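Protein sequences, first through last, are from chains F and B.
Quick note on the numbering used here: the first sequence kicks off at 1 and runs consecutively.
Quick note on the numbering used here: the second sequence kicks off at 1 and runs consecutively.
We put the CB at the ideal spot given by N, CA and C, even for glycine.
On a predicted model such as this, the values are computed, not experimentally measured, just so you know.
First comes the structure, then the notes that go with it.
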Amino acid sequence: MGIIKGVAVSLALALGISSVQAQEKPVGKLKVGFVYVGPVADFGYSFQHDQSRKALLAAMPDKVETSFLENVPEADSERSIESLARSGHQLIFTTSFGFMEPTLKVAKKFPKVKFEHATGYKRSANVSTYSARFYEGRYICGEIAGKLSKTGTLGYIASFPIPEVVSGINAFMLGAQSVNPNIKLKIVWVNTWFDPGKEAEAAKALLAQGADVLSQHTDSAAPLQEAEKQGKLAFGQSSDQMRFAPKAQLTSIVDDWDGYVINEAKAVLDGSWKSQDTWGGIKDGMVVLAPFANMPDDVKAKAEATKKAIADGTLHPFKGPVLKQDGTVAVKDGDNAPDPMILGMNWYVKGIEDKLPN
Amino acid sequence: MRIDLSPRTNRSRLMDGFAPILAFVVAVAIGGVVVAVMGRSPATAFVTYFIAPLSEVWSLQEVALKAAPLALIAIGLAFCFRANVWNIGAEGQFVIGGLFGGWIAVATHGAGGSTFWVLPLMLAVGTLAGVAYALIPAILKVWLGVSEILTSLMLVYVAELLLDYMARGPLRDPAGYNFPQSVTFDDAARLPYLMEGDTLHAGVLIALTAVVVATIVLARTLFGFEVRVVGASPRAARFAGFSDVRLTLAVFAVSGGAAGLAGIAEVAGKIGQLQPSISPGYGFTAIIVAFLGRLSPVGILVAALVIALTTIGGEGAQIDLKLPLDLTRAFQGLLLALVLGADALSRYRVLFVPGTAT
Chain F
1 MGIIKGVAVS LALALGISSV QAQEKPVGKL KVGFVYVGPV ADFGYSFQHD
51 QSRKALLAAM PDKVETSFLE NVPEADSERS IESLARSGHQ LIFTTSFGFM
101 EPTLKVAKKF PKVKFEHATG YKRSANVSTY SARFYEGRYI CGEIAGKLSK
151 TGTLGYIASF PIPEVVSGIN AFMLGAQSVN PNIKLKIVWV NTWFDPGKEA
201 EAAKALLAQG ADVLSQHTDS AAPLQEAEKQ GKLAFGQSSD QMRFAPKAQL
251 TSIVDDWDGY VINEAKAVLD GSWKSQDTWG GIKDGMVVLA PFANMPDDVK
301 AKAEATKKAI ADGTLHPFKG PVLKQDGTVA VKDGDNAPDP MILGMNWYVK
351 GIEDKLPN
Chain B
1 MRIDLSPRTN RSRLMDGFAP ILAFVVAVAI GGVVVAVMGR SPATAFVTYF
51 IAPLSEVWSL QEVALKAAPL ALIAIGLAFC FRANVWNIGA EGQFVIGGLF
101 GGWIAVATHG AGGSTFWVLP LMLAVGTLAG VAYALIPAIL KVWLGVSEIL
151 TSLMLVYVAE LLLDYMARGP LRDPAGYNFP QSVTFDDAAR LPYLMEGDTL
201 HAGVLIALTA VVVATIVLAR TLFGFEVRVV GASPRAARFA GFSDVRLTLA
251 VFAVSGGAAG LAGIAEVAGK IGQLQPSISP GYGFTAIIVA FLGRLSPVGI
301 LVAALVIALT TIGGEGAQID LKLPLDLTRA FQGLLLALVL GADALSRYRV
351 LFVPGTAT
């Protein structure tokens, strides 16, 4: 190996190319880079992240400049991330789970550049992770759905059985059970984050099975639109999708990364940045609920009260007793589920009749 | 009226060489106008696109890394296309090679004892899996007369879904919180890096070897002669006693093996684990590369490098000039269309034949 390496290096030198190390140009402005897995025009996940980039620019126009790469395939992302590091970006947000290993690898090569990886679980000295406690919003949605359902059956369109999605389903069900102990939940797994056709089909199937309030953990507005068409109710996803379904959207769980992105940029600028895991919720402004609509005032008031209780810590969506499907106790009476349990959740709560795919 | 292409009888070598250069100049001129309209300097864009990626050791490595799988797959495809056999499914053979080769790495993860055989076994299994997968459309063609264009293409989706299933299901990292990816491979299951910086891996050497071997096989062996004769004149080939059936199977096996090897080299080299998706479309891009390289191994190598260069230059343009991704992709498409068009015009005359189309 050593020989090959030597040959390759001398070849490169012979061609008159000097080895260029990390270019850390002393620039006035902090360059902040973003890597998106989808197109910025998806009106869902990548769109919301790009909103935070714009918010950052608006907040500190004379201190930062930003770049982004969109539609970056996860298996081919290492070079994209490294390009940003090499072109003088000192803070880089890699916004999809699949960028985890490439982010860590590039971060090792550029110890002075700070990396922020969304929704992952591996960190290093210069890689922080961040995500949002979406389950808090799901609990409130469940409560609203439990109150409003006339058929006693709710529908849920789920993407992949990862803990974030499973804990969302559980929180939704617990919220619904808190107001209607006999509520039923039907779940369709579509195995995609974004496929309007499949999502609409799933919505149709759920509505046909008697569900009259839909929730989704996929990114398109198709299920909402289907509910609107059939005069049923539903929740939006990732961003406020009211314009797609003015009569159907009850609220939407909005990812709001603005505050986090701006704070991290400030931390890099004043030298206080350090690697950490951030898991923000309603309290931190990372999980925002779009204005409550299409519901009676008493339901609205109850939802507002629950939101406040979750924000000030008096209510935890996974407060004990929480029972698993088979009746075993997951969280004891008086306890709240610890974070590691929620982060690794791979079981359903009692009352869900679906079988978790694995 | 009918439009015909008739081969030029007295082709000038000068025109043959000059045509792609002319096409390049035209593409750059059109691109320059668009960039200028968008308010950026065309000169800077040219430098970012074509010069910058060639001016650093790192980006040169990235160009080589991106070109390697394209060249390897396209060389395999050249055997098919020269013999008038249309394997459109290299993407699927690539995925299957990566999946089955990667399976060995997952199965031997953490194994004690000597592990020197793991990587060779992975490469062999990946190659053979690609061969076997390519033989499905080949056998369907020779036995049942089914169009290999359709079957090989359809099998791409089967392969992609199989990998998706395996990465989310049986091969998922048990300690990975249900996230859809395998364990990261042990060092014994990774292709070694050739240079400092852990970018350029030995997969590049495999591609270079393929160029040499394919050149010799096509020019100096009976099999190569057979491929060329069948492509140039099927009737003459039959008179010479060459078997259509055997040749179809053979060229499918060669191209499937090359694609499978490229797949496992990508997984064992760059990615280092199995993910639901391992290819940003190399198998399809390689079809363009094969024709751009005029179906000759050396030409294919050059074409693969050009495609890699424009991809990486396009990324630089997004970062440095803030040009949108769609524009950089459109420019890549424009360049390819013009080069292939100019190539055709230099070899054929366009005839407008009066009368109805036949």
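Under 7 Å Cβ to Cβ from residue i, same chain only, skipping five residues before and after it: list those, please.
i, result
"residue 39 of chain F", "46, 70, 71"
"residue 333 of chain F", "320, 321"
"residue 286 of chain B", "70, 73, 74, 77, 90"
"residue 133 of chain F", "279, 280, 281, 287"
"residue 295 of chain B", "78, 81, 82"
Using only the heavy atoms of the ligand FAD, determine whether one of them is closer than 7 Å to the beta carbon of residue i.
i, result
"residue 237 of chain B", "You won't find the ligand FAD in this model; it holds no ligand whatsoever."
Taking just the CA atoms, how far does residue j sit from residue i?
i, j, result
"residue 247 of chain B", "residue 81 of chain B", "12 Å"
"residue 9 of chain F", "residue 316 of chain B", "In this predicted model, residue 9 of chain F has a pLDDT of only 42, less than 50, meaning its place in the structure is not dependable enough to derive any value."
"residue 242 of chain F", "residue 191 of chain F", "25 Å"
"residue 167 of chain F", "residue 164 of chain B", "23 Å"
"residue 151 of chain B", "residue 137 of chain B", "6 Å"
"residue 99 of chain B", "residue 91 of chain B", "12 Å"
"residue 43 of chain B", "residue 91 of chain F", "29 Å"
"residue 98 of chain F", "residue 20 of chain B", "39 Å"
"residue 310 of chain F", "residue 141 of chain F", "13 Å"
"residue 157 of chain B", "residue 275 of chain B", "16 Å"
"residue 218 of chain B", "residue 275 of chain F", "56 Å"
"residue 196 of chain F", "residue 262 of chain B", "33 Å"
"residue 277 of chain B", "residue 234 of chain B", "39 Å"
"residue 181 of chain F", "residue 357 of chain F", "25 Å"
"residue 228 of chain B", "residue 95 of chain B", "29 Å"
"residue 83 of chain B", "residue 238 of chain B", "13 Å"
Within its chain, find whatever has a CB closer than 6 Å to the CB of residue i; leave out the 5 residues flanking it on each side and keep chain order.
i, result
"residue 203 of chain B", "68, 191, 265, 269"
"residue 349 of chain B", "6, 8"
"residue 293 of chain B", "299, 300, 303"
"residue 209 of chain B", "none"
"residue 342 of chain F", "167"
"residue 217 of chain F", "158, 159, 165, 168"
"residue 347 of chain F", "324"
"residue 113 of chain F", "85, 90"
"residue 102 of chain B", "267, 274"
"residue 119 of chain F", "97, 131"
"residue 202 of chain F", "157, 188, 190"
Anything in chain B within Cβ reach of residue i, meaning under 9 Å, just list it in chain order.
i, result
"residue 181 of chain F", "Result: empty, since nearest Cβ-Cβ is about 29 Å, beyond 9 Å."
"residue 162 of chain F", "177, 178, 179, 180"
"residue 114 of chain F", "The contacting residues do not exist; residue 114 of chain F stays about 17 Å from chain B at best."
"residue 343 of chain F", "177"
"residue 121 of chain F", "176, 177, 179"
Got a sec? Which residues, its chain only, sit under 8 Å from residue i by beta carbon, not counting five neighbours each side?
i, result
"residue 3 of chain F", "With a pLDDT of only 43 at residue 3 of chain F, under 50, the local geometry of the prediction cannot be trusted, and no value is derived from it."
"residue 312 of chain B", "53, 59, 62, 63, 66"
"residue 143 of chain F", "175, 176, 178, 179, 302, 303, 306"
"residue 351 of chain B", "3, 4, 5, 6"
"residue 345 of chain B", "19"
Strictly below 9 Å CB to CB, what residues from chain F border residue i?
i, result
"residue 91 of chain B", "Those do not exist, as residue 91 of chain B stays about 13 Å from chain F at its closest Cβ, beyond 9 Å."
Output, in chain order, the set of chain B residues within a Cβ distance shorter than 8 Å of residue i.
i, result
"residue 84 of chain F", "319"
"residue 74 of chain F", "275, 277"
"residue 109 of chain F", "197, 198"
Starting from the beta carbon of residue i, find every residue of chain F whose beta carbon is closer than 8 Å, and list them in chain order.
i, result
"residue 315 of chain B", "69, 79, 80, 83"
"residue 272 of chain B", "101"
Listing by chain order, which chain B residues have their CB less than 7 Å from the CB of residue i?
i, result
"residue 386 of chain F", "Absent from the structure is residue 386 of chain F, since the part of chain F shown begins at 1 and ends at 358."
Closer than 7 Å by beta-carbon distance: list the chain F residues that pair up with residue i, in chain order.
i, result
"residue 325 of chain B", "70, 71"
"residue 160 of chain B", "Under the 7 Å cutoff, chain F gives no residues; its nearest Cβ is about 12 Å from residue 160 of chain B."
Do three or more CB pairs link the stretch 203-217 of chain F to the stretch 174-188 of chain F at distances below 8 Å?
yes
Determine, using beta-carbon pairs with one atom in the stretch 99-116 of chain F and one in the stretch 63-83 of chain F, whether at least three such pairs fall under 8 Å.
yes
When the Cβ atoms of the stretch 96-112 of chain B are set against those of the stretch 170-188 of chain B, are three or more pairs found closer than 8 Å?
yes
Curious, which full-length beta strand (DSSP E) runs of at least 3 residues does the stretch 191-269 of chain F contain?
213-216, 233-238, 249-255
Alpha helix (DSSP H) segments (min. 4 residues) lying fully within the stretch 42-117 of chain B
42-46, 57-82, 90-107
For the stretch 194-202 of chain B against the stretch 272-282 of chain B, do three or more pairs of beta-carbon atoms, one drawn from each stretch, fall closer than 8 Å, so that the two count as touching?
no
Would you say the stretch 304-322 of chain F touches the stretch 332-339 of chain F, given that touching needs at least three Cβ pairs under 8 Å?
By the C-beta criterion, the stretch 304-322 of chain F is judged to be in contact with the stretch 332-339 of chain F, since at least 3 inter-stretch pairs fall below 8 Å.
Would you check if there are 3 or more beta carbon pairs closer than 8 Å linking the stretch 273-285 of chain F to the stretch 129-139 of chain F?
yes
Using 8 Å as the threshold, is the stretch 146-156 of chain F in touch with the stretch 256-264 of chain F, meaning 3 or more CB pairs across them?
no
Does the contact criterion of 3 or more C-beta pairs under 8 Å hold for the stretch 121-134 of chain B versus the stretch 247-264 of chain B?
yes
Which runs of the alpha helix (DSSP H) spanning at least 4 residues fall entirely within the stretch 57-139 of chain F, listed in chain order?
78-86, 100-109
Length-filtered (3 minimum) beta strand (DSSP E) runs lying within the stretch 326-351 of chain F
329-331
May I have a chain-ordered list of the alpha helix (DSSP H) segments no shorter than 4 residues that lie completely inside the stretch 250-277 of chain B?
none
Using 8 Å as the threshold, is the stretch 260-271 of chain F in touch with the stretch 232-252 of chain F, meaning 3 or more CB pairs across them?
no
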